[in-house]
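Q: So the sequence shown is numbered by my numbering: it starts at 6 and just counts up by one.
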Amino acid sequence: MFMKTTQKGGPAEETLDPEDWAAMRALGHRMVDDTMDYIETLRDRPVWQHAPPEVKARFSGPAPAKPETPSAVYDEYLRSVRPYQLGNSHPRYWGWVTGCGTVMGMYAEMLAASTDAVSGSFSYMSNNYIEMQVVDWCRQLLGFPAGASGLITSGCSASTLIGLAVARNTMAGYDIRARGMHVAGKQMTVYCSEEAHSSVQKAVELLGFGSDALCRIPVNESLQIDTVALRETIAADRAAGCHPLCIVGVAGTTNTAAIDDLNALADICAEERCWFHVDGAFGAWAAIAPEYRHLVAGMERADSLAFDLHKWMYLAYPIACILIRDVAHHRNAFSLTPTYLAHGEGTAGLTGVDVPWLSDYGFELSRGFFALKAWMTIREQGMEKYGRLIQQNIDQAHYLEGLVQDAGELELALPVSLNIVNFRYVRPSLSETRLDALNKQIEVELQEQGIAVPSTVTIHGRKYLHVAITNHRSRRDDFDLLVREVIRIGNGLA
Ligand SMILES: *Cc1c(COP(=O)(O)O)cnc(C)c1O
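1. Find out if the Cβ-Cβ distance for the pair W380, I135 is shorter than 8 Å.
2. Kindly give me the distance between the Cβ atoms of C105 and A286, rounded to whole angstroms, as I take these residues to be in contact under 8 Å.
3. How close, in whole Å, do the beta carbons of N5 and T475 come, if the pair is a contact with beta carbons under 8 Å?
4. In terms of alpha-carbon separation, which member of Y196, T194, Y179, V195 lies closest to C188?
5. Could you tell me which of P88, S126, P51 sits nearest to L346, measuring between CA atoms?
6. Leaving out five residues before and five after W317 in sequence, what residues of the same chain have Cβ atoms less than 6 Å from its Cβ?
7. Within the region 377 to 407, note down every full beta strand (DSSP E) run reaching 3 residues or more, in order along the chain.
8. Can you look up N496 in the DSSP assignment and give me helix, strand or coil?
9. Between which residues of its own chain and K445 is the CB-CB distance below 8 Å, once the five residues before and five after are set aside?
10. Are the region 257 to 268 and the region 227 to 239 touching by the rule of at least three beta carbon pairs closer than 8 Å?
11. Out of curiosity, what's the CA-to-CA distance linking T344 and E350?
12. Just to confirm my understanding: we take R500, look at its own chain, exclude 5 residues before and 5 after, and list those with CB closer than 6 Å. What are they?
13. Rounded to whole angstroms, what is the Cα-Cα separation between E73 and V283?
14. I'd like to confirm something about V283: is its beta-carbon nearer than 7 Å to some heavy atom of ligand 1, or not?
15. Distance, Cα to Cα, P459 vs I329?
16. Would you say S371 and V139 are within 8 Å of each other, going by their C-beta atoms?
17. Restricting to Cα atoms, I'd like to know which of E81, E453, A201, E24 is closest to T165.
18. Any heavy atom of ligand 1 within a distance shorter than 7 Å of the CB on D265?
19. Any residue with its Cβ nearer than 5 Å to a heavy atom of ligand 1 should be included. What is that list in chain order?
20. Can you find the residues in the same chain that come closer than 7 Å, C-beta to C-beta, to Q500, ignoring five residues on each side of it along the sequence?
21. Could you check where the alpha helix (DSSP H) with S131 kicks off and where it finishes?
22. As an exercise, report each continuous beta strand (DSSP E) stretch of at least 3 residues that is fully enclosed by the region 240 to 307, in chain order.
23. DSSP has F428 in a bridge; who is on the other side?
24. I think I327 touches S309, with their Cβ atoms under 8 Å apart; what is that distance to the nearest whole Å?
25. Should D365 go down as buried or exposed, given a rule of 16 or more other Cβ atoms within 10 Å for buried?
26. If the criterion is Cβ atoms closer than 8 Å, does the pair A442 and L487 meet it?
27. Of the choices A321, L415, T342, A418, whose alpha-carbon is the least far from that of A376?
28. Given S85, which residues of its chain have a CB within under 6 Å of its CB, disregarding the five upstream and five downstream residues?
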């Protein structure tokens, strides 16, 4: 039975709910209409534009004491906020490695917020079932064994922190949760390539290893970890009294999408009794591209695998995932139950045992319902379509590689290994220093003119335009246009 309450006399009590429900509903309809127009016509607008000084000036001053109307607040968003985004939902945004969002995911975010959904604690809640299902889909798609565990996170950085925490606690050889780092008899060491992401170093620092404990191993010509140098470094460290604890392989580096030899790393981990962590931030998803899954062979042998769904699964920020091969190791690192969160004492109510509490699998207690946008978009599109899209982006990278090879004014940094193309404008009469500055200027012009957003990276000491294709809206003619414009701007500047 639901119990109705009646309002008592006395001073009126307040709420944040709308005063005028009909007007708020109408505003919501307007927001959906404006948003759909915006996404449908993305291609017709510049990829990116500067916020002018008068717009930036609006973002200072104290918090407002008095209310504004909901539509005034929304109009300010339309005027001062939405036009000056990063631009990553645009079909010609390829900077750094960034996703672009989906319409269904956008709706899912609204639905998740509509119930103020909390994911983390509690048992009998549909959002926990959904999160566990999305984790299980990822587990199957990326080739992890049944029984492996995982968690949805806010990004691959958070996933890597969780993965390396489980690695540290499992491999330390003593109760590190209770006794801390200082009683470790030996310096624990972690290995990754020079090309591995900064989030690995941040995790190593946060976990108390110290960044000196992270050994950056040189790379080969293809910018993959040099496994001979890795073996030698581990042997030398062991001889020097260190405890080699974990090797981090990268499935798709941020600079060039180089994929380490993951099977070789898995073998070395087995021989050296090291934890095998894979950073598959975006590259892990090559596993679902029909013709390219072999590129990440060996990834499924990892003890922990960190990856995003907001880069190459195209979902709106934030969403990522960590998979851990052994659920016991995962729980041992994070499970902690204070009395006010006591659970598992019965078979009913919010604190009964049905699904495990997700807070036992990570460092956060209260989390948003990120899994819903993955669940709804994947169901809407189906994984076959997703496989074709990942394949399409890789094919587009090879298409752009061909365009660059055919253009006398352009030069590739190295052959395309996955979905990233690095190339530069060249002219024989110009010095290397001048070419570096020129290519940086081409990047800036492309961005400022709103044509396209590539970024730049330094490879083998030289600057290259960096085109990372994690965009379901890009088409081949977008790359034709990019090449034409790079040559036009380069000729103009040179
Ligand atoms: C982007 C990226 C990360 C960090 O992921 P976030 O989701 O931005 O935290 C880690 N590794 C690689 C290879 C990346 O490209």
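Just so you know, even glycine gets a beta-carbon here, dropped at the ideal spot from N, CA and C. Since this is a predicted model, take the numbers as computed values, not measurements.
A: In terms of the structure at hand:
1. As a first step, residue 380 must be located in the sequence shown, where it is residue number 375. As a first step, residue 135 must be located in the sequence shown, where it is residue number 130. Contact flag set, yes.
2. Locating residue 105 in the sequence shown gives position 100, where the first residue counts as 1. Locating residue 286 in the sequence shown gives position 281, where the first residue counts as 1. Contact doesn't hold; Cβ gap of about 16 Å is too wide.
3. Within the shown structure, residues of the chain are numbered from 6 to 499, placing residue 5 beyond reach of any answer.
4. Sequence index remark: in the sequence shown, residue 188 carries index 183 (1-based). Here residue 188 turns out to be Val, not Cys, going by the sequence shown. Comparing Cα-Cα distances from V188 to each of Y196, T194, Y179, V195, the minimum goes to Y179.
5. Locating residue 346 in the sequence shown gives position 341, where the first residue counts as 1. The candidate whose alpha carbon is nearest that of L346 is S126.
6. Counting from 1 along the sequence shown, the entry for residue 317 is found at position 312. Closer than 6 Å at the Cβ level, and outside the excluded window around W317, lie F287, W290, T475.
7. none
8. To locate residue 496, count along the sequence shown from 1; it is residue 491. Helix, per DSSP.
9. Within the sequence shown, residue 445 is the residue found at index 440, counting from 1. So the list reads T461, K468, once near-sequence residues are dropped.
10. yes
11. Start at 1 with the first residue of the sequence shown, and residue 344 comes out as number 339. Start at 1 with the first residue of the sequence shown, and residue 350 comes out as number 345. Taking the straight line from one Cα to the other gives about 12 Å.
12. Coverage of the chain is limited to positions 6 through 499, which leaves residue 500 absent and any answer about it impossible.
13. As a position in the sequence shown, residue 73 is number 68, starting the count at 1. As a position in the sequence shown, residue 283 is number 278, starting the count at 1. Distance between the alpha carbons of E73 and V283 is about 49 Å.
14. Taking the sequence shown and counting its residues from 1, one reaches residue 283 at position 278. False, no ligand heavy atom lies under 7 Å from that Cβ.
15. One-based indexing of the sequence shown puts residue 459 at position 454. One-based indexing of the sequence shown puts residue 329 at position 324. Rounded to whole angstroms, P459 to I329 spans 34 Å at the Cα level.
16. The sequence position of residue 371 within the sequence shown is 366, counting from 1. The sequence position of residue 139 within the sequence shown is 134, counting from 1. No, Cβ-Cβ distance for S371 and V139 is not below 8 Å.
17. In the sequence shown, the residue the question calls residue 165 occupies position 160. Ranking the options by Cα distance to T165, first place goes to A201.
18. Working through the sequence shown from its first residue, we reach residue 265 at position 260. Checking every heavy atom of ligand 1 against the Cβ of D265, none is found closer than 7 Å.
19. V102, G160, C161, S162, H202, S204, T259, D284, A286, D313
20. Past the boundaries of the shown model lies residue 500; the chain is included only from 6 to 499, so the question cannot be answered.
21. In the sequence shown, the residue the question calls residue 131 occupies position 126. Start and end: 131 to 146.
22. 248 to 255, 280 to 284
23. On the sequence shown, residue 428 is found 423 positions in, with the first residue counted as 1. Looking at the DSSP assignment, F428 forms a beta bridge with L417, L470.
24. Here residue 327 corresponds to residue number 322 of the sequence shown, with the count starting at 1. Here residue 309 corresponds to residue number 304 of the sequence shown, with the count starting at 1. The pair is a contact, with the Cβ atoms about 6 Å apart (cut-off 8 Å).
25. If you number the sequence shown from 1, residue 365 lands on position 360. Burial call: buried.
26. On the sequence shown, residue 442 is found 437 positions in, with the first residue counted as 1. On the sequence shown, residue 487 is found 482 positions in, with the first residue counted as 1. Their beta carbons are not under 8 Å apart, which means A442 does not touch L487 by this criterion.
27. Translated into positions along the sequence shown, residue 376 becomes position 371. For the residues A321, L415, T342, A418, the minimum Cα distance to A376 belongs to A321.
28. Residue 85 sits at position 80 when you count from the first residue of the sequence shown. Correct list, in chain order: V60, R63.
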